[in-house]
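Undergrad: Okay, here's the structure, questions in a sec.
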Amino acid sequence: MAISMRKIDLDTETVVKAIHSFDTNILSMDYTEVLLRMIPQPEEIKSYREYERQGRSIEEMNDVDKFLLQISKVERLEPKLRIMFYMN
């Protein structure tokens, strides 16, 4: 997963904003394809939500988990990424 993240040379906030706005200038087809492979599974999302509910510091997480936590908050993440993939 960390190798895939290195391919996306963008900060998390930029990625999330680009997904929300369907900005294919920021997220190219290659980036979108990488993100589609990184989508957190339901059990991972549940773990991230539980981690936050416990009031634990996000700063204690590794970079991959921080990234996945943030993109897991995007509603309808997979359909949005698929649309962006085909828009390219």
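FYI, the working numbering numbers position 21 of the sequence shown as 125, with every residue one higher than the one before it.
The C-beta atom is built at its ideal place from N, Cα and C for all residues, glycine as well.
Just so it is clear, the structure is predicted and the values come from calculations on it, not from any experiment.
#1: Please state the DSSP three-state secondary structure of lysine 177.
#2: List, from N- to C-terminal side, the beta strand (DSSP E) runs of 3 residues or more that fit wholly inside the stretch 127 to 171.
#3: Are the beta-carbon atoms of valine 120 and valine 178 separated by less than 8 angstroms?
#4: Go ahead and pull the three-state DSSP assignment for isoleucine 112.
#5: Mind the definition here: the stretch 150 to 165 touches the stretch 124 to 140 only if three or more C-beta pairs lie below 8 angstroms; say whether that holds.
TA: Taking the definition as stated:
#1: coil
#2: none
#3: yes
#4: coil
#5: no
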